[in-house]
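Same order as they appear, the protein sequences are chains A and B. Residue 1 is where the first sequence starts when you use the UniProt record's numbering, and the numbers rise one by one after that. Residue 1 is where the second sequence starts when you use the UniProt record's numbering, and the numbers rise one by one after that. From the three backbone atoms N, C-alpha and C, an ideal C-beta is built for every residue, glycine too. Shown next, in structure tokens, is the structure this report addresses.
There are 2 protein chains.
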Amino acid sequence: MNKRKLLLVSNSTLHGSGYLDHCQNHICSFFTRDVKRVLFVPYALHDRDAYAKTAREKFRTLGYELDSIHEASDPVTAVRNAEAIFIGGGNTFRLLKCLYDNDLVTEIRRRVLEDGVPYMGSSAGTNVATISINTTNDMPIVFPPSFSAIGLVPFNINPHYLDHDPSSRHMGETREQRITQFHEEAETPRVLGLREGSLLLVEGNNVKLLGTTKARLFTR
Amino acid sequence: MNKRKLLLVSNSTLHGSGYLDHCQNHICSFFTRDVKRVLFVPYALHDRDAYAKTAREKFRTLGYELDSIHEASDPVTAVRNAEAIFIGGGNTFRLLKCLYDNDLVTEIRRRVLEDGVPYMGSSAGTNVATISINTTNDMPIVFPPSFSAIGLVPFNINPHYLDHDPSSRHMGETREQRITQFHEEAETPRVLGLREGSLLLVEGNNVKLLGTTKARLFTR
Chain A
1 MNKRKLLLVS NSTLHGSGYL DHCQNHICSF FTRDVKRVLF VPYALHDRDA
51 YAKTAREKFR TLGYELDSIH EASDPVTAVR NAEAIFIGGG NTFRLLKCLY
101 DNDLVTEIRR RVLEDGVPYM GSSAGTNVAT ISINTTNDMP IVFPPSFSAI
151 GLVPFNINPH YLDHDPSSRH MGETREQRIT QFHEEAETPR VLGLREGSLL
201 LVEGNNVKLL GTTKARLFTR
Chain B
1 MNKRKLLLVS NSTLHGSGYL DHCQNHICSF FTRDVKRVLF VPYALHDRDA
51 YAKTAREKFR TLGYELDSIH EASDPVTAVR NAEAIFIGGG NTFRLLKCLY
101 DNDLVTEIRR RVLEDGVPYM GSSAGTNVAT ISINTTNDMP IVFPPSFSAI
151 GLVPFNINPH YLDHDPSSRH MGETREQRIT QFHEEAETPR VLGLREGSLL
201 LVEGNNVKLL GTTKARLFTR
């Protein structure tokens with residue numbers, strides 16, 4: 001797994017700023033000047049055309065061309081030829097189901113772990129980079145064939161991690177309680193609660209926490 | 001479906017009060033004096049003994065004995081013999097998986113719709129009473145064989161429904177956005193956003209909204 005090169009972002013948009021603004025310097029350091037074109041996966045949102053347009057415009061301002069996989073005649077071939085991959089946020093269940101429906105889970109894993117293709121994920125795109133989507137916050141709007149994900153790192157992530165607000169009168173479970181429930185089940189991996197504004201840079205076996213808000217690690 | 005008799009509660013505990021306190025008068029009107037014993041399903045929480053103890057103590061103060069299905073030698077027989085059923089809250093995925101694992105989904109449906117056994121659900125227990133768990137808020141900590149649920153009503157419910165807080169700086173999807181994402185998918189049913197403090201009384205084809213906080217209906 002030494003070729004692995006990942007940038008896993010908690011959230012695409014930070015309150016008060018534009019799409020990917022808060023992490024744009026990290027994106028430019030991550031996709032070095034060798035990368036000209038990034039393959040974008042818009043499956044997590046319903047309107048793929050609009051999503052690709054937003055991502056393409058942002059990436060152009062950073063100096064990269066963006067191809068959206070939903071415009072490719074064959075998605076597997078698009079992954080095989082990709083210089084770099086970016087999976088955007090939205091609904092994690094819809095995203096993972098669509099990755100399975102298009103036979104992309106194994107192909108992306110192979111490209112990233114064996115060929116060293118740089119992988120950037122944001123929110124749902126970060127969830128699917130981990131062992132499983134068992135720690136997503138999203139609503140299960142569709143039924144994927146499995147919760148197992150691409151497995152680029154040996155732990156799970158909870159993006160948009162939210163600390164408990166002691167003034168809240170809402171009685172739904174806190175994020176901490178939900179992750180604790182996950183750890184009540186057998187054989188569950190560690191979970192990194194990645195607060196909005198945080199991101200993870202993985203190079204080989206080195207993991208570095210970037211951003212300003214830090215993260216919280218939950219062990220079974 | 002004319003025998004159907006359901007009490008579907010959004011949340012087990014309202015801020016500032018004890019377990020089921022906010023709906024206890026409705027519970028007593030719902031389980032008439034003909035009911036002596038209620039069959040409790042504690043599958044949504046990990047510690048079933050502790051959960052059954054809490055529920056048993058509360059139901060005793062209301063004048064009902066409570067049998068927990070996890071103490072029965074055969075869960076299906078317990079459902080076949082039940083005078084009344086109460087499925088408590090917790091994690092909806094864990095609950096539904098366990099209902100499938102014990103062959104209870106069809107059996108509970110039959111008892112409620114054909115035999116007129118009164119069914120009370122709270123939170124996750126309300127989710128599994130609907131068409132599917134596609135509109136739960138819970139974390140997908142285990143993988144059930146399907147998201148299809150018991151199907152006692154022809155719509156879905158989102159319990160603990162939460163209105164958007166315009167002062168929030170958190171960038172995760174609002175509840176409204178999540179339900180809208182559900183309705184972007186094909187063939188999705190209506191969703192009733194049931195605020196904490198609200199409950200639904202279903203008798204035959206009549207549905208009545210009880211409680212103080214009202215609900216919000218989402219149509220595709």
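Range covered by the alpha helix (DSSP H) that runs through residue i
i                      : result
A:Y161                 : That residue, A:Y161, is in no alpha helix (DSSP H); its beta strand (DSSP E) goes 156-161.
residue 297 of chain B : Lying before the first or after the last residue shown, residue 297 of chain B is absent from chain B, which here runs from 1 to 220.
B:Y19                  : Segment: none, B:Y19 is in no alpha helix (DSSP H) and carries neither H nor E.
B:R110                 : 105-115
B:G125                 : 124-127
B:K3                   : Neither: B:K3 is in no alpha helix (DSSP H) and is coded neither H nor E.
A:K214                 : Unbroken run through A:K214: none, as it is neither H nor E.
B:R94                  : 92-101
Under 8 Å between C-beta atoms of residue i and residue j
i      : j      : result
A:T106 : A:P159 : no
A:T130 : A:A149 : yes
B:L8   : B:L199 : yes
A:A124 : A:N156 : no
B:Y19  : B:S12  : yes
A:L201 : A:A215 : no
Distance between beta carbons of residue j and residue i, contact taken as under 8 Å
i      : j      : result
B:E173 : A:H170 : Actually they are not in contact, since the Cβ atoms of B:E173 and A:H170 sit about 16 Å apart, beyond 8 Å.
A:V79  : A:R111 : 6 Å
A:L113 : A:K3   : 7 Å
A:E71  : A:R37  : So it is not a contact: roughly 13 Å between Cβ atoms.
B:S68  : B:A52  : 4 Å
B:P118 : B:K5   : 4 Å
A:H183 : A:F218 : 7 Å
B:R109 : B:G151 : 6 Å
Residue i, enclosing beta strand (DSSP E) - first and last residue
i      : result
B:G193 : 191-195
B:A50  : From DSSP, B:A50 is part of no beta strand (DSSP E) but of the alpha helix (DSSP H) over 48-61.
A:G151 : Note, A:G151: premise wrong, no beta strand (DSSP E); not H, not E.
A:I85  : 85-87
A:E203 : 198-203
B:R178 : No beta strand (DSSP E) holds B:R178; the alpha helix (DSSP H) holding it covers 175-184.
B:L39  : 37-41
Length of the line joining the Cα atoms of residue i and residue j
i      : j      : result
B:D49  : B:L39  : 14 Å
B:D103 : B:V41  : 13 Å
B:L210 : A:P145 : 38 Å
A:H15  : A:Y161 : 14 Å
A:T54  : A:F93  : 22 Å
B:G121 : B:G88  : 6 Å
B:E203 : B:Q177 : 31 Å
B:T47  : B:D21  : Strictly speaking, residue 47 of chain B in this sequence is Asp, with Thr absent from that position. Distance between the alpha carbons of B:D47 and B:D21: 22 Å.
B:E185 : B:T32  : 41 Å
B:V65  : B:S73  : Note that residue 65 of chain B is Glu in the sequence shown here, rather than Val. Their Cα atoms are separated by approximately 18 Å.
B:G116 : B:P154 : 17 Å
B:E57  : B:C23  : 15 Å
A:F86  : A:I27  : 10 Å
B:M189 : B:F147 : What sits at residue 189 of chain B in the sequence shown is Pro, not Met. Each residue's alpha carbon lies about 14 Å from the other.
A:L60  : A:S168 : Reading off the sequence, residue 60 of chain A comes out as Arg, not Leu. When rounded, the distance between both Cα atoms is 41 Å.
A:S29  : B:R175 : 35 Å
B:T212 : A:V35  : 58 Å
B:L95  : A:N81  : 43 Å
A:V128 : B:N205 : 42 Å
A:P166 : A:L192 : 22 Å
B:D101 : A:K97  : 23 Å
B:S17  : A:E187 : 36 Å
B:N25  : A:N25  : 58 Å
Chain-ordered chain D contacts of residue i [CB-CB under 7 Å]
i      : result
A:G172 : Given the protein chain composition of this structure (A and B), no chain D is represented.
Using 8 Å as the cut-off, can you tell me whether the stretch 131-144 of chain B makes contact with the stretch 135-142 of chain A, which would need three or more C-beta pairs spanning the two stretches below that distance?
yes
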